[in-house]
Amino acid sequence: MNTCCRRLPTAGAAVVEEPPSRRAPRAGRGAGSWPGRHARHARLGRGGCRHPRTDHWTLAQGGSRGRTTDARVVGVRSCVGKSLGRVRFLFALPPWGHGRRVAWGHGLPQPPSGVASPIAGRAASPTVARSCGCSTLPRLNSEKSNTCGNNVARRIIGGGAPAARPEIRPDRSADRRIEAAAVRRVRVDEGSDGQRLDNFLVKLLKGVPKAHVYRVIRSGEVRVNKGRAGADTRLASGDEVRIPPVRMAANDERPAAPAREFPIVHEDEQLIAIDKPAGVAVHGGSGVSSGVIEQLRQARPEARFLELVHRLDKETSGLLLIAKKRSALVALQDQLRRRDGAVVKTYAALVAGRWPANRKVIDVALHKYLTGDGERRVRAVQADHAEGRRSITLVGIAQAWDGYTLLDVTIKTGRTHQIRVHLTHAGHPIVGDEKYGDFALNKALARGDAVPGCRFERMFLHAARLRVIHPVTGLSLELEAPLPAECEALMHALARQHPPSA
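Residue numbers for the sequence shown follow our numbering, beginning at -17 and rising by one.
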């Protein structure tokens, strides 16, 4: 049957009755539903004739999102899982008009107000709509076509808005309980005399992130003797520190650091010198639950004061100083800052290649920056670089083999990653350095291919010797830590393969 479409008198509808010659719908498929096609699937266009399939016809009512108010009903197409036009709607014959015999192209009277579409109930099975790859709920307030799915939906023919989906809230049972503290005024005792303000607050405000501590300092909420103070302000005994209300963890659910003692090189009433193994951070931080200082505090609960005097990289082994009193910490850190020769730190470093004998001083500025992933990096820059900091390293040859050199490295300035970056900049990276080294060589050493009979899987940088002035006696204190066993084994393997020279 060929039928031409007629212009709709309104944005209302045109109805075509199912031809009586057609057999009734199969049982179980719903009224007007036939295999491979769907009676509720209509396409609206701006005109033109089509030869529609006459298996079933139903009411097509154009909504406000139609292309024009005089949209034409082009026809009913077979239901397939793809777009059948610019705009695609699903409609159903309202109950009040179901079964009425009307002539092709005649408009039905306007439905009574409040008559809802069968879609509003459960009569229209969502399974059928899903099988057609479309939805009965077109999207509103969107610049996209209604064929793209539904966003904010309403019923097409009568009815109210769809029932709101239940709000799914994340399970916060594991969140730590937070309690707010009141403003406090703390008097600095003798044990905190000379301590930086930021370190004083970090120690006092257990469970508060360091970022939050620095934020309240910058905002001026922390006051020292009723005046503003910076993070590097040195406190004196008797100072009054105003601490604003901060959010503190009521119960810290982080596991406690394991108690651990480290090899002791020297210990007295003022300080401890330990031989830190490689692979252990000096303190906890991002991605590190605990370090040397936290583990040592757990092992010595009776100690009233334990603080790091300086730092070593996680991959570096060797001498590390820890102060047992506030006065010792201040005195030792003052020596490190002065750089007047009172403190001498010497490292043992094995580098790739033959180090030139005439290269004894490296004076190259360094610039510290963060990568896109938030990783801390350092690079060598020109002396006139705006953010470069002058860095000086003294280098001496301790032993040499074919392809490797053991160096005695003394730093005059204590920049981050100074030795590692300076030696790499000179063309001789440290063996095993995973950040600045020769990655191919590192893999060969780890497999045991570079030096037959020896596998080496760490960075060969060891804080071997340290000289400081004792904070109480004023005498020179010289400390030494022997090379770790794995470093000694690599040197013996190199000596067997290549006899020492020069």
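For glycine and all other residues, C-beta sits at the position ideal for the given N, C-alpha and C.
Would you say Arg279 and Leu288 are within 8 Å of each other, going by their C-beta atoms?
Translated into the one-based positions of the sequence shown, residue 279 becomes position 297. Translated into the one-based positions of the sequence shown, residue 288 becomes position 306. The Cβ atoms of Arg279 and Leu288 sit closer than 8 Å to each other.
State the start and end residues of the unbroken alpha helix (DSSP H) segment that holds Ser309.
If you number the sequence shown from 1, residue 309 lands on position 327. According to the DSSP assignment, Ser309 belongs to the alpha helix (DSSP H) that extends over 308 to 320.
Rounded separation between Leu465 and Gln479 - CA only
Taking the first residue of the sequence shown as 1, we reach residue 465 at position 483. Taking the first residue of the sequence shown as 1, we reach residue 479 at position 497. Computed Cα separation, rounded: 20 Å.
Output the boundary residues of the alpha helix (DSSP H) element that contains Lys192.
Residue 192 sits at position 210 when you count from the first residue of the sequence shown. Residues 192 to 200.
Could you name the residues of the same chain whose beta carbon sits closer than 6 Å to that of Leu472, not counting the 5 residues immediately before and after it, in chain order?
Translated into positions along the sequence shown, residue 472 becomes position 490. If we look at Leu472 and ignore the five residues flanking it on each side, its Cβ neighbours are Cys436, Phe438.
Proximity of Tyr418 and Arg402 at Cβ, strictly below 8 Å
Locating residue 418 in the sequence shown gives position 436, where the first residue counts as 1. Locating residue 402 in the sequence shown gives position 420, where the first residue counts as 1. In terms of Cβ geometry, Tyr418 and Arg402 form a close pair [threshold 8 Å].
Span separating the alpha-carbon of Arg320 from that of Ala432
Working through the sequence shown from its first residue, we reach residue 320 at position 338. Working through the sequence shown from its first residue, we reach residue 432 at position 450. Cα to Cα, the separation comes out at about 42 Å.
6 Å Cβ shell around Gly335 - same chain, five flanking residues per side excluded:
The residue labelled residue 335 in the question sits at position 353 within the sequence shown. Only His410 meet the Cβ criterion.
Are the Cβ atoms of Ala408 and Gly300 separated by less than 8 Å?
Stepping through the sequence shown from its first residue, residue 408 is reached at position 426. Stepping through the sequence shown from its first residue, residue 300 is reached at position 318. Going by C-beta atoms, Ala408 is not nearer than 8 Å to Gly300.
Simplified DSSP state of Gln277, which is helix, strand or coil:
For the purposes of this step, residue 277 is taken as residue 295 along the sequence shown, with counting starting at 1. Secondary structure at Gln277: helix, using DSSP grouped into helix, strand and coil.
Please report the distance separating the alpha-carbon of Val270 from that of Glu276.
The count along the sequence shown starts at 1 and reaches residue 270 at position 288. The count along the sequence shown starts at 1 and reaches residue 276 at position 294. Each residue's alpha carbon lies about 11 Å from the other.
Here's the rule: buried if 16 or more other CB atoms are within 10 angstroms of the residue's CB, otherwise exposed. What is Glu297?
Counting from one through the sequence shown, the residue named residue 297 turns up at place 315. Buried, by the Cβ-count rule.
Report yes if the CB atom of Ile412 is closer than 8 Å to the CB atom of Val377, and no otherwise.
What you label residue 412 is simply residue 430 of the sequence shown in a count that begins at 1. What you label residue 377 is simply residue 395 of the sequence shown in a count that begins at 1. In this structure, Val377 does not lie closer than 8 Å to Ile412 by Cβ.
Outcome for Tyr329 when other beta-carbon atoms lying within 10 angstroms are tallied against a minimum of 16:
Taking the sequence shown and counting its residues from 1, one reaches residue 329 at position 347. The residue is buried, with at least 16 neighbouring Cβ atoms inside 10 Å.
Could you tell me how far apart the beta carbons of Gln252 and Pro453 are, in whole angstroms, since I believe they sit closer than 8 Å?
For the purposes of this step, residue 252 is taken as residue 270 along the sequence shown, with counting starting at 1. For the purposes of this step, residue 453 is taken as residue 471 along the sequence shown, with counting starting at 1. That pair is a contact at about 5 Å.
So does the segment 209 to 224 actually touch the segment 246 to 261, counting three or more Cβ pairs closer than 8 Å?
Too few Cβ pairs lie closer than 8 Å, so no.
Completely contained beta strand (DSSP E) runs for the segment 315 to 395, where each covers 3 or more residues:
The qualifying runs are 326 to 334, 343 to 345, 347 to 352, 358 to 363, 374 to 383, 386 to 393.
Shortest alpha-carbon distance to Val168 belongs to which of Arg361, Asp221, Arg449, Arg358?
Residue mapping note: residue 168 aligns to position 186 of the sequence shown, counting from 1. Ranking Arg361, Asp221, Arg449, Arg358 by Cα distance to Val168 puts Asp221 first.
Thr395 at chain B interface by Cβ criterion, 8 Å
Absence of chain B from the displayed structure is noted, only one protein chain being present.
Which class does Leu448 belong to by DSSP, given the choice of helix, strand or coil?
For the purposes of this step, residue 448 is taken as the residue at position 466 of the sequence shown. DSSP places Leu448 in strand when its eight states are reduced to three.
Spatially closest choice to Gly266 from Ala382, Pro283, Ala239, by CA coordinates:
Here the question's residue 266 lines up with position 284 in the sequence shown. Nearest in C-alpha terms to Gly266, of all of Ala382, Pro283, Ala239, is Ala239.
What would DSSP say about Ser219, mapped onto helix, strand or coil?
Taking the sequence shown and counting its residues from 1, one reaches residue 219 at position 237. Secondary structure at Ser219: coil, using DSSP grouped into helix, strand and coil.
Taking the C-alpha atoms as reference points, what is the distance between Val195 and Arg210?
To locate residue 195, count along the sequence shown from 1; it is residue 213. To locate residue 210, count along the sequence shown from 1; it is residue 228. Val195 and Arg210 have their C-alpha atoms spaced approximately 15 Å apart.
Using a Cβ-Cβ cutoff of less than 7 Å, which residues in the same chain neighbour Arg371 once the five nearest sequence positions on both sides are dropped?
As a working mapping, residue 371 is identified with position 389 in the sequence shown. Apart from sequence neighbours up to five positions away, the residues of its chain that approach Arg371 with a beta-carbon distance below 7 Å are Ala347, Leu348, Arg397, ordered along the chain.
Could you round the C-beta distance between Ala263 and Gly273 to whole angstroms and report it? I think they count as a contact, below 8 Å.
Working through the sequence shown from its first residue, we reach residue 263 at position 281. Working through the sequence shown from its first residue, we reach residue 273 at position 291. With a contact defined as Cβ atoms closer than 8 Å, Ala263 and Gly273 qualify at about 4 Å.
Contacts around Ala164, its chain only, beta-carbon distance under 7 Å, and the 5 residues preceding and following it disregarded
Here residue 164 is taken as the residue at index 182 of the sequence shown, counted from 1. These residues qualify, in order along the chain: Pro227.
Could you tell me if Phe442 is buried or exposed, where buried requires 16 or more neighbouring beta carbons within 10 angstroms of its beta carbon?
The sequence position of residue 442 within the sequence shown is 460, counting from 1. Counting C-beta atoms within 10 angstroms of its own C-beta, Phe442 has 16 or more neighbours from the protein chains shown and is therefore classed as buried.
Per the DSSP calculation, Arg205 is bridged to which residue(s)?
The count along the sequence shown starts at 1 and reaches residue 205 at position 223. In the DSSP output, where bridge partners are listed per residue, Arg205 has Arg210, Arg224.
What are the partner residues of Asp257, as DSSP defines its beta bridges?
Counting from one through the sequence shown, the residue named residue 257 turns up at place 275. In DSSP, Asp257 forms a bridge with Leu301.
Tell me which residue opens and which closes the alpha helix (DSSP H) that Glu470 is part of.
Here residue 470 is taken as the residue at index 488 of the sequence shown, counted from 1. Per DSSP, Glu470 belongs to the alpha helix (DSSP H) from 467 to 479.
Cα-Cα, which of Ala477, Leu314, Arg447 is closest to Lys258?
Against the sequence shown, residue 258 aligns to sequence position 276. It is Arg447.
Can you say whether Asp322 is buried or exposed, counting buried as having 16 or more other CB atoms within 10 angstroms of its CB?
Translated into positions along the sequence shown, residue 322 becomes position 340. Note on Asp322: under 16 other CB atoms within 10 angstroms of its CB, so exposed under the neighbour-count rule.
Around the C-beta of Gly414, are 16 or more other C-beta atoms found within 10 angstroms, so that it is buried, or is it exposed?
Against the sequence shown, residue 414 aligns to sequence position 432. That one is buried.
Within the same chain, show all residues whose beta-carbon is closer than 7 Å to that of Gln315, passing over the 5 residues directly before and after it, in chain order.
In the sequence shown, the residue the question calls residue 315 occupies position 333. Hits under 7 Å: Val291.
Is it buried or exposed for Phe421, if we count other Cβ within 10 angstroms and need 16 for buried?
For the purposes of this step, residue 421 is taken as the residue at position 439 of the sequence shown. Under this definition Phe421 is an exposed residue.
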